[in-house]
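Remarks on the structure that follows.
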Amino acid sequence: MSNCVSLVATSGGLMKDWFSSPYFQILYKNRDTTEARYFINRLDDYLQFPKDTKAMDLACGRGRHSVSLHQKGLDVTGIDFSPLSISEAKQFEKPGLRFIEADMRTYLEEESYDYIFNMFTSFGFFGDNMQNQQVIDCVYKNLKANGIFLLDYLNADFILDNFIPQEHKIVDGISFHINRAVKKGHIIKDIHFEDQGKSFHFQESVQLITREMFEYFFEKAGFIQKDVFGDYSLRPYVKHLSERIIFIVQKPTTHAD
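Convert by adding 8 to the 1-based position in the sequence shown; the result is the number in this note's numbering.
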């Protein structure tokens with residue numbers, strides 16, 4: 009689910025239905041390995057990845073960030089909720105790079121990872137802050153002492169300042185009509201299209217999570233904040249100007265309860 013937003017099928021299906029839909033992959037096919045490789049290169053400059061340390065790509069999607077992390081010498085496990093994404097990611101498996109279908113709220117390998125990465129707004133799928141906290145707490149448990157967690161999310165302030173209510177995209181001959189609205193702290197995206205004589209309607213919902221709320225999640229779990237960046241070049245975060253909000257937090261040696 010890396011490279012995704014919170015998704016719900018309006019037909020009453022589960023989130024997995026849209027994540028696993030081939031149309032999801034078509035609509036977001038522009039998210040390529042070049043962007044992922046650039047971001048990982050900047051992170052390597054900043055974090056100086058030691059070789060053979062263990063990393064998790066949390067909500068890894070089809071594995072584009074996992075592959076780039078592995079190329080930096082990390083032992084990488086990518087996990088994702090979508091069976092289709094994991095099926096496609098498995099083509100990249102090799103020693104030191106593996107992919108697992110799992111739920112980010114409950115997947116545990118306690119104190120196993122030096123780094124956990126959550127890329128490209130792959131958070132907030134479950135729609136309420138109790139479950140958001142559950143994800144952050146699970147990340148904390150999976151990290152070794154002094155382990156690093158990176159969370160990359162859209163900047164809610166920038167999105168609202170530059171809100172686009174309607175959009176039309178043609179991808180692989182399919183005409184996607186996208187309508188957006190802000191409701192109860194979420195951006196709701198209705199996606200309508202036709203293919204092979206059938207009409208489809210899916211709905212995405214991404215939470216508008218503020219910096220302050222993320223910092224509350226981190227503090228409650230026990231993390232120490234190290235840095236906040238505003239883009240994939242790791243320039244400083246500016247509230248109304250940065251397109252992204254990228255947190256670097258660390259698990260301390262001991263948790264002060």
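Glycine is no exception: its CB is placed at the ideal position from the N, C-alpha and C atoms.
These numbers were taken from a predicted model, which means no experiment stands behind them.
| query | result |
| --- | --- |
| If you count every other CB in all the chains shown that lies within 10 Å of the CB of F157, and 16 or more means buried, which is it? | buried |
| Using three-state DSSP, classify N187 as helix, strand or coil. | strand |
| Where do the N-terminal and C-terminal ends of the beta strand (DSSP E) with K59 fall, by residue? | From DSSP, K59 is part of no beta strand (DSSP E); its letter is neither H nor E. |
| What are the start and end residues of the alpha helix (DSSP H) that includes K177? | First-last for K177: Q174 to V179, but that is the beta strand (DSSP E), not the alpha helix (DSSP H). |
| When you compare the CB of D160 with every CB in chain C, is at least one pair closer than 7 Å? | Chain labels in this structure do not include chain C; a single protein chain is all it has. |
| For Q233, count the other beta carbons within 10 Å of its own beta carbon; 16 or more makes it buried, fewer makes it exposed. Which is it? | exposed |
| Whole angstroms is fine: what's the gap from V214's alpha carbon to E251's? | 15 Å |
| Where L216 and N126 are concerned, what is the direct C-alpha to C-alpha distance, given to the nearest angstrom? | 16 Å |
| Who are the near neighbours of P173 in its chain, counting only those whose CB is closer than 8 Å to its CB and skipping five residues on each side? | N187, R188 and A189 |
| Along the beta strand (DSSP E) that carries N154, what are the first and last residues, could you check? | L151 to L162 |
| Would you call the stretch 40 to 47 in contact with the stretch 97 to 108, where contact means no fewer than 3 C-beta pairs closer than 8 Å? | no |
| Would you kindly check if the distance between the Cβ of M112 and the Cβ of L66 is under 7 Å? | yes |
| Is the stretch 130 to 148 in contact with the stretch 78 to 87, if contact means three or more CB pairs nearer than 8 Å? | no |
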